[in-house]
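Asks: Numbered per my numbering, the sequence shown spans residues 111 to 385.
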Amino acid sequence: MAIVTLTRQSGSFGDEIGMLIARRLGYTFFDKHEIERRIIAKGLPKEEFLKYDERKPTFLARFAKNRDKYLNFLSSVVLEIAKEGNCVIIGRGAFLFLRDVPNHIALKFLAPFDVRVKHMMEIKNIETEKATQILLEKSDKRKVAFYKSCFKYDLHSMDFIHASINTGMVHPDMVAEMIVAAIKNNITPEVEEAGRQRVEELILAQEMANKLIFEHGLHIDELWVIVRDKNITLHGVTSFHATVERAETILESEYSGYKVVSEIKCVQDNRFSKA
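#1: Excluding the 5 residues preceding and the 5 following Gly203 in the sequence, name in chain order all residues of the same chain whose CB lies nearer than 6 Å to its CB.
#2: Could you give the residue range of the beta strand (DSSP E) that holds Phe140?
#3: Exposed or buried, Val377, counting other C-beta atoms within 10 Å across all chains shown (16 or more means buried)?
#4: Using the three-state DSSP reduction, which class does Arg338 fall into: helix, strand or coil?
#5: Would Leu208 and Ile113 qualify as a contact pair, given that the criterion is a beta-carbon distance under 9 Å?
#6: Thr115 bridges to which residues according to DSSP?
#7: Helix or strand or just coil, what does DSSP make of Ile275?
#8: Less than 6 Å between C-beta atoms, sequence neighbours within five positions excluded: which residues of the same chain meet that for Lys179?
#9: Rounded to the nearest angstrom, what separates Leu130 and Ile199 at their Cα positions?
#10: By the three-class DSSP mapping on this structure, what secondary structure does Pro351 have?
#11: By Cβ distance, which residues of its chain are closer than 8 Å to Asp269, with the 5 residues on each side in sequence left out?
#12: Rounded to a whole number of angstroms, what is the C-alpha to C-alpha distance between Ile271 and Phe219?
#13: Could you pull the DSSP bridge partners for Thr343 from this structure?
#14: With a cut-off of 8 Å on the beta carbons, I'd call Gln119 and Ala273 a contact; round off their distance for me.
#15: Using a Cβ-based criterion (distance less than 8 Å to any ligand heavy atom), does Thr115 qualify as near the ligand COA?
#16: Ile336: which of Lys251, Met318, Ile275, Leu184 sits nearest, CA to CA?
#17: Between Gly136 and the rest of its own chain, which residues show a CB-CB distance below 8 Å, the 5 nearest in sequence each way excluded?
#18: Buried or exposed: which applies to His229, given that a residue is buried once 16 or more other Cβ atoms fall within 10 Å of its Cβ?
#19: What residues match up with Cys376 in a beta bridge as DSSP calls it?
#20: Once the 5 residues before and after Glu107 are set aside, which same chain residues still bring their CB inside 7 Å of it?
#21: Between Arg381 and the rest of its own chain, which residues show a CB-CB distance below 6 Å, the 5 nearest in sequence each way excluded?
#22: Expressed to the nearest angstrom, what Euclidean distance is found between the alpha-carbon atoms of Arg147 and Glu190?
#23: Distance, Cα to Cα, Phe231 vs His326?
#24: Would the beta-carbon of Phe256 fall within 9 Å of that of Thr117?
#25: Does Asp250 come out as helix, strand or coil in the three-state DSSP assignment?
#26: With a threshold of 6 Å on Cβ separation, who are the neighbours of Val370 within its own chain once the five nearest residues in sequence on each side are excluded?
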């Protein structure tokens with residue numbers, strides 16, 4: 111019926127509400143552990159996964175090639191889950207991968223800091239408020255840095271979010287009840303079918319990106335492939351026009367019937383050129 115994604119502050123009851131929604135709708139709940147399992151099963155080493163997963167990347171991890179590899183795996187898993195449908199996905203920027211899918215609902219959960227501290231002390235068995243405050247402050251900074259580095263997205267923004275809820279003002283059961291009612295009233299069979307078709311296009315676009323980067327070894331940073339109605343648009347940054355031409359040739363030959371348009375920027379790296 112729907113694909114639900116949740117973005118939440120630590121301690122804002124997001125995971126609990128997500129599980130309530132999934133239980134009441136009979137959906138599958140995907141937390142960070144299941145997403146990690148699927149990404150690693152696809153071939154990304156665990157040590158590489160841990161460099162990026164909702165945290166501020168280290169200096170070496172900030173390089174586009176390493177980051178893009180992680181994002182390709184993450185996108186593939188999120189789209190795989192979305193194709194299964196009837197799911198609730200927690201965090202990992204899932205709402206950004208699915209932002210134009212008609213049957214996707216993106217929710218953000220926030221709560222006052224003192225509410226979050228109290229809840230974290232309870233679920234993590236932390237004895238002091240000070241230790242919990244430090245934990246939450248670090249968590250907030252890591253998530254902001256993760257979204258900025260991997261998605262160029264301001265986590266404080268409401269862009270691509272359908273609803274934001276202060277869970278310090280509304281009980282988790284009531285939040286879940288409201289969301290379930292909204293899903294049942296708004297996700298019609300027509301909307302669901304439109305969503306299914308869009309997810310198929312997104313999966314095809316990810317397949318094309320993986321083909322160019324992993325199978326053919328093309329060096330295109332921040333590669334983003336858009337597929338809509340038999341049209342393919344390529345975005346990204348590379349150093350050579352020949353790379354762009356090669357990408358176009360590959361897709362035109364392997365996906366007949368599609369029109370390929372490149373918006374890839376060519377930026378020559380002169381750091382090592384002779385004066």
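For glycine and all other residues, C-beta sits at the position ideal for the given N, C-alpha and C.
Replies: Short version:
#1: Mapped onto the sequence shown, residue 203 falls at position 93. Cβ neighbours of Gly203 beyond the five flanking positions: Phe261.
#2: One-based indexing of the sequence shown puts residue 140 at position 30. It spans 138–140 - the beta strand (DSSP E) in which Phe140 sits, taken as one unbroken run.
#3: The residue given as residue 377 occupies position 267 in the sequence shown. Under this definition Val377 is an exposed residue.
#4: Position 228 of the sequence shown, counting from 1, holds the residue named residue 338. Of the three classes helix, strand and coil, the one that applies to Arg338 here is strand, per DSSP.
#5: In the sequence shown, counting from the first residue as 1, residue 208 sits at position 98. In the sequence shown, counting from the first residue as 1, residue 113 sits at position 3. Contact: yes.
#6: On the sequence shown, position 5 is the one that residue 115 refers to. In the DSSP output, where bridge partners are listed per residue, Thr115 has Ile199, Ala216.
#7: Translated into the one-based positions of the sequence shown, residue 275 becomes position 165. Correct three-state label for Ile275: strand.
#8: Start at 1 with the first residue of the sequence shown, and residue 179 comes out as number 69. Within the same chain, Lys179 has no close Cβ partners at all.
#9: Within the sequence shown, residue 130 is the residue found at index 20, counting from 1. Within the sequence shown, residue 199 is the residue found at index 89, counting from 1. Those two C-alpha atoms are separated by around 13 Å.
#10: The sequence position of residue 351 within the sequence shown is 241, counting from 1. What sits at residue 351 in the sequence shown is His, not Pro. Reduced to three states, the DSSP call for His351 is helix.
#11: For the purposes of this step, residue 269 is identified with residue 159 of the sequence shown, where counting begins at 1. Excluding sequence neighbours, Asp269 sits near Tyr263.
#12: In the sequence shown, the residue the question calls residue 271 occupies position 161. In the sequence shown, the residue the question calls residue 219 occupies position 109. Distance between the alpha carbons of Ile271 and Phe219: 11 Å.
#13: The count along the sequence shown starts at 1 and reaches residue 343 at position 233. According to DSSP, Thr343 bridges with Ile336, Val371.
#14: Position 9 of the sequence shown, counting from 1, holds the residue named residue 119. Position 163 of the sequence shown, counting from 1, holds the residue named residue 273. Not really, about 15 Å apart at Cβ, beyond 8 Å.
#15: The ligand content of the structure shown is nil, which means the ligand COA is not present either.
#16: Residue mapping note: residue 336 aligns to position 226 of the sequence shown, counting from 1. It is Met318.
#17: Here residue 136 refers to the residue found at position 26 when the sequence shown is read from its first residue. Only Asn196 meet the Cβ criterion.
#18: If you number the sequence shown from 1, residue 229 lands on position 119. When all chains shown are included, His229 counts as buried.
#19: Indexing the sequence shown from 1 puts residue 376 at position 266. Beta-bridge pairing links Cys376 to Thr348.
#20: What is shown of the chain runs 111 to 385, which leaves residue 107 out entirely.
#21: Here residue 381 refers to the residue found at position 271 of the sequence shown. Because the pLDDT at Arg381 is just 45, under 50, the model does not fix this residue reliably, and the point stays unresolved.
#22: Working through the sequence shown from its first residue, we reach residue 147 at position 37. Working through the sequence shown from its first residue, we reach residue 190 at position 80. Approximately 13 Å, taken between the alpha carbons.
#23: Locating residue 231 in the sequence shown gives position 121, counting from the first residue. Locating residue 326 in the sequence shown gives position 216, counting from the first residue. The question names Phe, but residue 231 is Met in the sequence shown. Going from the Cα of Met231 to the Cα of His326 covers about 50 Å.
#24: Here residue 256 refers to the residue found at position 146 when the sequence shown is read from its first residue. Here residue 117 refers to the residue found at position 7 when the sequence shown is read from its first residue. Going by C-beta atoms, Phe256 is not nearer than 9 Å to Thr117.
#25: To locate residue 250, count along the sequence shown from 1; it is residue 140. Asp250 falls in the helix class under three-state DSSP.
#26: Translated into positions along the sequence shown, residue 370 becomes position 260. Ile342, Glu358, Leu361, Glu362.
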